[in-house]
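From first to last, the protein sequence lines stand for chains X and V. Residue 211 in our numbering sits at position 211 of the first sequence, with consecutive numbering throughout. Residue 1028 in our numbering sits at position 28 of the second sequence, with consecutive numbering throughout.
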Amino acid sequence: MEAVITGLFVGIFFGFVLQRGRFCMNSAFRDVLLLKDNTLLKAVGIALLVELFGFAIMDMTGAIAINPKPFWWGANILGSFVFGVGMVLAGGCASGITYRVGEGMIGAITAVLGLSIGGYITAAGFLKGFKSSLQEATIIKTADGANLTLANVLGMNYSTLALIIFVVAVVAWIIVARKNKEDYDGAAGWSWLSTGVLIGLAGIFAFPLSAAAGRNYPLGITAGWIGVVKNILGKAEGLDWLSWMVLGIMVGSFVAAMIAKEFKFRMPSVGDLLKTFGGGLLMGFGAVTSGGCNIGHLLSGVPQLSLGSILAGISIILGSWATSYLIFVRPNK
Amino acid sequence: MTEITPTKTLDVCGKICPYPDMNTMTTLKKMKKGEILEVLLDYPLSVERIPRNLKKQGHKLLATEQIDGPNHRMLIEAHGLK
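Right, dumping it as structure tokens:
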């Protein structure tokens, strides 16, 4: 029961912020390449910094125990690159397509369907063997069997290193921002700063609440959808914390879209529907192979300084840039 | 603003990022200086993002009109430089 309430609570908050902040990592990475616009990328950066600080303090005080994802370089590179390719086709990252369902976008529903099916067949279906052998063949751990993080590679305490990175990054950011004299031209959505802070807070709330429900990790998307599929197929009984969180995202974004009068059923062409579905399939395969989507790896794993998550994050960005170039830049040259 | 007659109309309703933005930019690129592009869109993120990009490309946003809910209509004057 607790998992239902806290999962839904975090999901609704997260979904509300995603919709109002127009937070989408797919757009964040692509805009930098195509439109030379880094507004959303700055929101991602702020969210990571807020989490870095929050996780460090919580780990230090014992409120949480960080649980970084494994470093399996082959699976991280291949899976996350494929995920990056898929999210451009699907028109959104894992969190992006999930919150857009709540805005009434039919193309997002087919993308989520693809993500769930692609994720399920890689986690428990015919691609399971491939995924597991790639992960096992390329896994590297520390001498005492821990998952690699920046902290244990450098032989440092996690909280100490996290706080050092936090302070250095904040100071560097302020210096660069002052030099460039950036100003934000207002939009109906929230500014990148408030969006980033609130997304970061969602991650901070999620960690201890999810741990209390027996899942010691902050946010994620793909595994939550796979949980929904397992329930539909009768392979699992009852939804876990993450599945409730994912369902909460759609409730939160629906409420936010209704308040802003932005809810509308939007039906793209059949070709677009097929493309978002195919993109979703690639995302599901990629996320499960790599051990996480953009939320599990980038938003949740990078602030834990997991080397696997950092490598996955870079691969997601490269996959998205390569695809954006082929689809949007080259044809217009 | 309704008195302005657009040279061309681009309907990107139902499309999500980055299509509304990209289609608008590539259409504008092919238009001559002073021609007016009317864009119909229903994607909130693009309604906010297109004006930012227009500024960078030198095109002029004449008006943004909210029709109802997320449905918007934009009128843009092309810069005309290829």
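Cβ coordinates follow ideal geometry from the N, Cα and C atoms, glycine included.
| Query | Result |
| --- | --- |
| Report yes if the CB atom of X:Gly114 is closer than 9 Å to the CB atom of X:Met283, and no otherwise. | yes |
| Consider the Cβ of X:Thr61: report whether some Cβ of chain V lies at a distance smaller than 9 Å. | no |
| Going straight from the alpha carbon of X:Gly220 to that of V:Glu1003, what length do you get? | 50 Å |
| For a contact meaning CB atoms closer than 8 Å, what does V:Met1031 contact in chain X? | Within 8 Å Cβ-Cβ: nothing; V:Met1031 doesn't reach chain X, min ~14 Å. |
| Per DSSP, what kind of secondary structure is X:Trp72 in: helix, strand or coil? | strand |
| Taking the C-alpha atoms as reference points, what is the distance between X:Ser80 and X:Trp73? | 10 Å |
| Using a C-beta to C-beta distance shorter than 8 Å, which residues of chain V count as neighbours of X:Glu262? | Pro1044, Gly1069 and Pro1070 |
| Which runs of the beta strand (DSSP E), 3 residues or longer, sit entirely within the region 1005-1058 of chain V? | 1008-1011 and 1036-1041 |
| Which same chain residues end up closer than 6 Å to X:Val88 when comparing Cβ atoms and leaving out the 5 residues on each side of it in sequence? | Ser320, Thr323 and Ser324 |
| By DSSP's criteria, X:Asp144 is part of a beta bridge. Which residues make up the other side? | In DSSP, X:Asp144 forms no bridge with anything. |
| Around the C-beta of X:Pro331, are 16 or more other C-beta atoms found within 10 angstroms, so that it is buried, or is it exposed? | exposed |
| If you draw a straight line from the alpha carbon of X:Leu49 to that of X:Phe9, how long is it in whole angstroms? | 23 Å |
| Mind checking who V:Ile1076 pairs with in its DSSP beta bridge? | V:Leu1037 and V:Leu1061 |
| How many angstroms separate the CA atom of X:Phe130 from the CA atom of X:Ile204? | 34 Å |
| Could you have a look at X:Ile64 and say whether DSSP puts it in helix, strand or coil? | coil |
| Report the CB separation of X:Ala43 from X:Gly196 in whole angstroms; it is logged as a contact under 8 Å. | 4 Å |
| Please list, in chain order, all residues of the same chain as X:Val229 whose beta carbon is under 6 Å from its beta carbon, the five residues on each side excluded. | Ser116 and Tyr120 |
| Does the beta carbon of X:Ile77 fall short of 8 Å from some heavy atom of the ligand HEM? | With respect to small molecules bound, the structure shown includes none, and the ligand HEM cannot be examined in it. |
| Straight-line CA distance for V:Asp1042 to V:Gly1014? | 7 Å |
| So, does the CB of X:Met105 fall closer than 9 Å to a CB anywhere in chain V? | yes |
| Please state whether the Cβ-Cβ distance between X:Phe55 and X:Ile64 is less than 9 Å. | yes |
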